[in-house]
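*Asks:* One structure is given below, represented as structure tokens, and several questions about it will come after.
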Amino acid sequence: MKNTNIITALFLFMISGLFVTSCQQDENTSDAFGNFDVEETIISAEAAGKLEQFNISEGSVVKVGALVGTIDSTNLILERTSVEANKLTISAKLTAINAEIKVLKTQLKIIDKEHKRVVKLIKSDAATQKQLDDIEGNMEIIKSKITAANAQRPAVYAQLKVIDANVAKINNQIDKCIIINPVEGIVLTKLVEQHELVGPGRPLYKVANPDKIYLKAYVTGSQVSGLKTGQKVSIIIDNIEGGLETLAGTINWISEEAEFTPKLIQTREERVSLVYAIKIGFDNPGIVKIGMPGEVKF
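Here's what the structure looks like:
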């Protein structure tokens, strides 16, 4: 009887131990798993030509506005020179028209005085009607010449406007041959090499800001229904001592579409084929790197 009581007590102790262990394991089990990532920006060429300079190396930090490369703009510069030479020719034509109008107006002013003088002389019979008719005829000729010259000016101005637009367009294309980095971050991938031929839209390099790192994790359908953006969660990572470290995080994005479970991603429920991606933002203390695994506790 005594032995039976001892065995019963040991059995109950083992059962209670297993229950406690099971509860502890459940409490320590993370709700989601994923990897740390950043939003990548692909910088592409905006002009066509040979990449003359390309001062980019993977892992280097690039600042906003930094000159990272140049594309050959020789043909564009030659084209601009030709267009500007044509502008000089058109401008000279406009100058000639304006000069002609000025001369004609001077002539008209002189002949107008003569017209007034002859009108007075006719009243005293000192001039003939023919003289007056000749003067008035000359006045009409000069006026018609002024009108014709003025009529040429809009067309010339239109030509100059088109030329200025072409010069502005070429200057814009030349400016695009200078590759300026638009975002601050670390160069993740260098996609071309110096002296290669590139064209508009050709990817040159990828850059990402490590300060904007986030954890991209995956949750099941039963989990996603209980999540919302702005929700506070805990991020669990391995530290350098071999233990675990917890960081405060916030759910910034929840995918509206399910996807197949990515490789190397664990889920709390086994044999789940469809999951939802979520992005969790956090303040990086400097220990989290791109590609590191992370766990989430809701």
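Positions 7 to 304 (our numbering) are the ones given, in order, by the sequence shown.
Quick reminder that beta carbons are idealized off the backbone N, C-alpha and C, glycines included.
Suppose you measure from the CA of Gly65 to the CA of Thr87; what does that come to, to the nearest Å?
*Replies:* 41 Å
*Asks:* Pick out whichever of Gly300, Phe266 and Tyr211 has its Cα sitting closest to the Cα of Asn186.
*Replies:* Per the sequence presented here, residue 186 reads as Ile, with Asn not at that position. Considering only alpha carbons, the answer is Tyr211.
*Asks:* Compute the Euclidean distance between the alpha carbons of Lys108 and Leu127, then round it to the nearest angstrom.
*Replies:* 29 Å
*Asks:* Would you tell me roughly how many angstroms separate the C-alpha atoms of Pro201 and Glu46, rounded to the nearest one?
*Replies:* Note on residue identity: the sequence assigns His, not Pro, to residue 201. It is roughly 25 Å from the alpha-carbon of His201 to the alpha-carbon of Glu46.
*Asks:* What is the DSSP secondary structure of Leu250, reduced to helix, strand or coil?
*Replies:* Looking at Leu250 - three-state DSSP - the assignment turns out to be strand.
*Asks:* Near Gln165, what residues of its chain come up, given a Cβ to Cβ distance below 6 Å and the 5 sequence neighbours on each side ignored?
*Replies:* Ile96
*Asks:* Just tell me which of Ile257, Tyr282 and Ile260 has its CA closest to the CA of Thr267.
*Replies:* Of the listed residues, the one whose Cα sits closest to Thr267 is Tyr282.
*Asks:* By the 10 Å Cβ neighbour count, where 16 or more other Cβ atoms means buried, how is Ile392 classified, buried or exposed?
*Replies:* No answer is possible for residue 392: the residues shown for the chain start at 7 and end at 304.
*Asks:* At what residues does the beta strand (DSSP E) containing Leu280 begin and finish?
*Replies:* Leu280 to Phe288
*Asks:* How is Arg277 classed by DSSP in three states: helix, strand or coil?
*Replies:* Bear in mind that a pLDDT of 46 at Arg277, under 50, signals an unreliable position, so the number given afterwards is only what the model happens to contain. In the structure shown, Arg277 sits in coil (DSSP, three-state: anything other than H, G, I, E or B).
*Asks:* Grab me the residues of Met145's own chain with a C-beta within less than 8 Å of its C-beta, minus the 5 sequence neighbours each way, in chain order.
*Replies:* Within the same chain, Met145 has close Cβ partners Leu114, Ile117, Asp118 and His121.
*Asks:* Return yes when the C-beta of Thr47 is under 7 Å from any heavy atom of the ligand HEM, and no when it is not.
*Replies:* The ligand HEM is not among the ligands present in this structure, which contains no ligands whatsoever.
*Asks:* Counting only the same chain and skipping the five closest in sequence on each side, list residues whose C-beta sits under 8 Å from that of Glu276.
*Replies:* In this predicted model, Glu276 has a pLDDT of only 47, less than 50, meaning its place in the structure is not dependable; the value taken from the coordinates is given anyway. If we look at Glu276 and ignore the five residues flanking it on each side, it has no Cβ neighbours.
*Asks:* Going by CA-CA distance only, name the one from Ile260, Lys303, Pro216 and Glu265 that's closest to Ala254.
*Replies:* Lys303
*Asks:* If you measure between the beta carbons of Ile286 and Ile242, is that distance less than 8 Å?
*Replies:* no
*Asks:* Please classify Leu110: does DSSP put it in a helix, a strand, or coil?
*Replies:* helix
*Asks:* Taking DSSP as the reference, what is the three-state secondary structure of Val302?
*Replies:* strand
*Asks:* One question on the structure: do Pro188 and Ile48 come within less than 8 Å of each other, judged by their Cβ atoms?
*Replies:* Not closer than 8 Å, so no.
*Asks:* Alpha carbon to alpha carbon, how far is Asp43 from Lys295?
*Replies:* 8 Å
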